[in-house]
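Working notes for the structure below.
Structure representation (structure tokens):
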């Protein structure tokens with residue numbers, strides 16, 4: 017029921033009160049937003065895929081606004097592994113690859129590291145995977 021918002025280049029890319037908060041090992045939560053509440057017209061498949069041992073294979077998306085492309089800002093699981101069916105087709109955004117992300121009006125801090133997509137708010141306490149020296153956790 018929390019309001020989750022993603023902004024880039026002066027545009028609200030997504031805003032919803034129907035996000036799903038997913039907790040990951042040694043990381044702050046990732047927020048998965050229903051595609052109906054995302055400007056999917058601005059997302060372009062990047063061709064990049066990653067694999068999560070828990071959720072399965074994710075497809076990544078670039079963001080294109082006025083001919084300017086920002087690479088791999090979001091990912092989605094079209095067919096997540098059993099136990100994660102609720103996020104099928106939802107989109108998650110890397111807070112550090114867009115201009116700003118918010119939870120209930122609070123601007124989030126991106127999870128450290130290039131690989132991780134967690135969103136840190138005042139209620140989330142680390143340490144987090146992605147910080148220097150945590151690659152082997």
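In the numbering used here, the protein residues as written are 17 to 153.
Don't be surprised by glycine CBs; every beta carbon is placed ideally from N, CA and C.
Since the structure is predicted, the reported quantities are computational estimates derived from the model, not experimental observations.
Based on Cα-Cα distance, which residue from the options lies nearest to residue i?
i	options	result
residue 147	131, 138, 139	131
residue 138	145, 30, 119, 57	119
residue 53	30, 78, 101	30
residue 22	141, 99, 121, 129	121
residue 105	123, 83, 76	76
residue 72	78, 60, 96, 26	96
Under the rule that 16 or more other beta-carbon atoms within 10 Å means buried, what is residue i, buried or exposed?
i	result
residue 116	exposed
residue 126	buried
residue 32	buried
residue 20	buried
residue 111	buried
residue 134	buried
residue 35	buried
Compare the beta carbon distance of residue i and residue j with 8 Å and say whether it is the shorter of the two.
i	j	result
residue 128	residue 109	no
residue 91	residue 74	yes
residue 44	residue 38	no
Between residue i and residue j, which are expected to be in contact by the criterion C-beta below 8 Å, what is the C-beta distance as a whole number of angstroms?
i	j	result
residue 113	residue 88	7 Å
residue 49	residue 80	That pair is no contact at about 18 Å.
Beta strand (DSSP E) segments (min. 3 residues) lying fully within the stretch 17-51: 20-24, 27-32, 36-38, 46-49
Scan the stretch 50-105 and note each continuous beta strand (DSSP E) run of 3 residues or more that stays entirely inside, going in chain order. 59-68, 72-81, 84-92
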